[in-house]
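In this note's numbering, the protein residues as written are 2 to 472.
Yeah, the Cβ is synthetic: ideal placement off N, Cα and C, and Gly gets one too.
Source: prediction; values computed, not measured.
This report concerns only the one structure given below.
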Amino acid sequence: MKKTAFLLLFTFLITSEGFSQKVNKEDSLTIRRIYDMALLDGKSYDWLDDLSNQIGSRLSGSIGAERAVEFTKEELEKLGLDKVWLQPILVPKWTRGIAEYAFIETAPGITSIQDICALGGSVSTPVVGLKAEVIEVQGIEDLKNYGRERINGKIVFYNRPMQANLINTFSAYGGCVDQRYTGAMEAAKYGAVGVVVRSMNLRRDDLPHTGSMTYGDTPVHLRIPACAISTNGAFYLSSALHLKPDLKFYFKQNCRVFPDVRSYNVIGEITGSVFPDKYIIVGGHLDSWDLGDGSHDDGAGCVQSMEVLRLLKKINYKPRHSIRVVLFMNEENGLRGGKEYAKQAKRKQEEHIFALESDAGGFTPRGFSFDTDEANFAQVKSWEPLFEPYLRLYFTRGGGGADIGPLKDNKVVLAGLRPDTQRYFDYHHASNDTFDAVNKRELELGGAAMASLIYLFDKYGVITSFQNTKK
Ligand SMILES: [Zn+2]
2 MKKTAFLLLF
12 TFLITSEGFS
22 QKVNKEDSLT
32 IRRIYDMALL
42 DGKSYDWLDD
52 LSNQIGSRLS
62 GSIGAERAVE
72 FTKEELEKLG
82 LDKVWLQPIL
92 VPKWTRGIAE
102 YAFIETAPGI
112 TSIQDICALG
122 GSVSTPVVGL
132 KAEVIEVQGI
142 EDLKNYGRER
152 INGKIVFYNR
162 PMQANLINTF
172 SAYGGCVDQR
182 YTGAMEAAKY
192 GAVGVVVRSM
202 NLRRDDLPHT
212 GSMTYGDTPV
222 HLRIPACAIS
232 TNGAFYLSSA
242 LHLKPDLKFY
252 FKQNCRVFPD
262 VRSYNVIGEI
272 TGSVFPDKYI
282 IVGGHLDSWD
292 LGDGSHDDGA
302 GCVQSMEVLR
312 LLKKINYKPR
322 HSIRVVLFMN
332 EENGLRGGKE
342 YAKQAKRKQE
352 EHIFALESDA
362 GGFTPRGFSF
372 DTDEANFAQV
382 KSWEPLFEPY
392 LRLYFTRGGG
402 GADIGPLKDN
412 KVVLAGLRPD
422 TQRYFDYHHA
432 SNDTFDAVNK
442 RELELGGAAM
452 ASLIYLFDKY
462 GVITSFQNTK
472 K
């Protein structure tokens with residue numbers, strides 16, 4: 002090595018060492034200020050209170066969803082952002098109708114009432130309800146073990162439970178949600194007349210959990226009604242079937258589908274001071290299921306995302322990139338909001354460098370998952386020590402979230418907040434997903450973690466565009 006080259010390298014090492022120490026100290030202090038602001042003077046919990054208790058459930062196409070659009074737009078306007086606007090979309094409108102009713106009949110006149118709810122998107126039963134014998138199966142693949150001759154004319158009861166020994170409950174959910182999503186479509190192929198699905202819940206209780214389902218391209222006249230039964234109800238029905246295999250199940254629901262209606266994604270932006278045409282977004286979905294108030298799913302993610310922009314403004318941080326909060330409409334039964342946002346971003350050639358979603362409940366943050374390449378993941382990992390004082394957040398590889406998924410290309414880094422998952426499915430899509438189920442500090446810690454990550458991405462950029470954007 003030549004002497005000059007050695008000196009250059011030496012100078013570089015000294016400089017970069019000094020640079021990184023200075024940067025880390027500055028980063029630590031900024032993150033401390035973000036957490037202080039979130040925990041001492043946070044706004045997310047008050048917003049969630051209004052969203053849950055003043056507005057309530059926000060199923061796409063409902064009055065609640067419309068009011069939530071107005072409310073969040075007004076609140077974002079109060080923050081003094083550079084821009085706040087509504088992005089129009091058409092959303093499906095499905096309604097549950099009057100409360101469902103179900104019972105198990107073990108002998109004529111001997112019945113026990115069960116707690117059920119229609120699955121989102123299900124057709125109604127006949128006006129007088131539907132009564133038939135039941136065949137219990139352990140998932141879709143189990144249907145073929147019974148065959149058409151045993152299933153024809155019966156109600157199929159999907160009773161595969163969530164696998165309790167999986168530590169991440171989302172994995173357990175992923176392992177049996179196909180029963181809910183395509184169970185009716187598959188059972189109809191064997192001549193079933195209806196479907197009852199065990200609720201996606203690890204706890205034993207009396208609450209049925211709804212969620213989306215599809216009929217695929219099944220012709221309308223062959224679509225069969227589908228409902229969820231509570232976990233206690235599933236246990237009871239299964240036990241009763243062992244004693245009396247020819248018992249009958251009755252259920253009545255009167256859901257309807259209406260033509261699509263106009264709705265909106267709600268968007269707010271702080272325009273970047275250095276790269277106004279490069280975007281970082283943070284968001285959750287504003288719609289919810291109709292049984293509870295959607296406080297965890299995904300009111301929490303919405304108010305945390307709004308809080309990110311508020312916190313950055315409150316600490317007087319001037320972002321280099323444009324930072325947007327996006328409250329997506331219609332994640333639960335259509336994903337129209339996420340798709341439209343990505344479509345418009347592409348049409349306007351807006352370069353998105355980082356997208357963060359919070360849609361896993363308002364519980365204690367444990368970390369973030371990243372959908373990105375090696376180089377960007379290595380950069381993210383180098384930030385992990387900054388989060389040691391804040392519950393030692395872990396940074397892992399994994400998906401970002403449903404709403405930001407359509408943005409995926411080879412440039413944007415996608416990420417999802419990963420809160421503790423153990424209690425999430427106690428509430429998910431059920432009537433107890435209400436404000437009281439969310440803890441103020443846990444919610445605020447999540448918002449602070451998200452704001453801190455957004456700050457780091459804004460400051461350091463992403464690897465692919467960093468070389469071009471560094472000034
Ligand atoms: Zn959700």
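Secondary structure of residue i, DSSP reduced to three states
i: K471; result: Residue placement at K471 is poorly supported in this model, since its pLDDT is 39, which falls under 50; the coordinates still yield a value, given next. Reduced to three states, the DSSP call for K471 is coil.
i: K155; result: coil
i: D459; result: helix
i: W95; result: strand
i: E78; result: helix
i: P495; result: Examination of residue 495 is not possible in this model, given that the chain is present from 2 through 472 alone.
i: G43; result: coil
i: P320; result: coil
i: A193; result: coil
i: T5; result: Confidence in T5 is poor, its pLDDT being 47 and thus under 50, which makes the residue's placement too unreliable to answer from.
i: A165; result: coil
i: S17; result: Since pLDDT at S17 reaches only 44, below the 50 mark, its modelled position is unreliable, and the value read off the structure follows with that caveat. Reduced to three states, the DSSP call for S17 is helix.
i: K314; result: helix
i: V85; result: strand
i: Q115; result: strand
i: I1; result: Beyond the ends of the chain as shown, which are 2 and 472, falls residue 1; an answer cannot be given.
i: T12; result: At T12, the pLDDT of 40 sits below 50, so the modelled position is not reliable and the matter cannot be decided from this model.
i: F364; result: coil
i: K145; result: helix
i: A452; result: helix
Residue i CB to nearest heavy atom of ligand 1 below 6 Å
i: D299; result: yes
i: D28; result: no
i: D360; result: yes
Alpha carbon of residue i to alpha carbon of residue j, nearest angstrom
i: L10; j: K409; result: Note that L10 scores a pLDDT of 44, beneath 50, so its modelled location is shaky; the value from the coordinates is reported in the next line. Going by the C-alpha atoms only, they are around 38 Å apart.
i: L40; j: F396; result: 22 Å
i: P366; j: D42; result: 19 Å
i: C256; j: A103; result: 15 Å
i: L167; j: C177; result: 12 Å
i: S61; j: M330; result: 7 Å
i: Q380; j: L457; result: 10 Å
i: M201; j: E27; result: 45 Å
i: E308; j: M451; result: 9 Å
i: T96; j: P162; result: 27 Å
i: Q139; j: D51; result: 41 Å
i: D288; j: P127; result: 29 Å
i: K315; j: S29; result: 17 Å
i: E443; j: F259; result: 38 Å
i: T272; j: E351; result: 13 Å
i: I405; j: T112; result: 47 Å
i: D278; j: I225; result: 49 Å
i: G81; j: R311; result: 9 Å
i: I99; j: C118; result: 11 Å
i: W290; j: N25; result: 42 Å
i: D434; j: Q115; result: 20 Å
i: R348; j: G217; result: 29 Å
i: E375; j: I464; result: 10 Å
i: G335; j: I230; result: 23 Å
i: V129; j: V283; result: 47 Å
i: P390; j: R263; result: 45 Å
i: Q164; j: G175; result: 10 Å
Supposed contact pair residue j and residue i - C-beta distance, whole angstroms, cut 8 Å
i: Q305; j: S58; result: Between S58 and Q305 the Cβ distance is about 19 Å, and since that is not below 8 Å, they are no contact.
i: P1; j: G362; result: Lying before the first or after the last residue shown, residue 1 is absent from the chain, which here runs from 2 to 472.
i: N169; j: T422; result: 6 Å
i: I136; j: F171; result: The pair is not a contact, with the Cβ atoms about 29 Å apart (cut-off 8 Å).
i: E106; j: K249; result: 4 Å
i: H286; j: D360; result: 6 Å
i: L49; j: F436; result: 6 Å
i: V70; j: Y265; result: 5 Å
i: S370; j: R398; result: 7 Å
i: R325; j: G269; result: 7 Å
Residue i Cβ short of 6 Å to ligand 2 heavy atom set
i: V326; result: For the structure depicted, ligand 2 is absent and the ligand set comprises only ligand 1.
Would you call the region 414-432 and the region 348-365 in contact, with 3 or more CB pairs under 8 Å? yes
Quick one: any contact between the region 424-437 and the region 205-214, if contact means 3 or more CB pairs under 8 Å? yes
The region 115-132 touching the region 211-227, judged by at least three CB pairs closer than 8 Å: yes
Can at least three beta-carbon pairs, one atom from the region 228-247 and one from the region 305-321, be found at a separation below 8 Å? no
Can you find at least 3 beta carbon pairs, one from the region 86-100 and one from the region 190-199, that sit closer than 8 Å? no
Is it a yes or a no for the region 71-81 touching the region 335-351, going by three-plus beta-carbon pairs under 8 Å? no
contact_flag[the region 142-158, the region 185-195] where n(CB pairs < 8 Å) is 3 or more: yes
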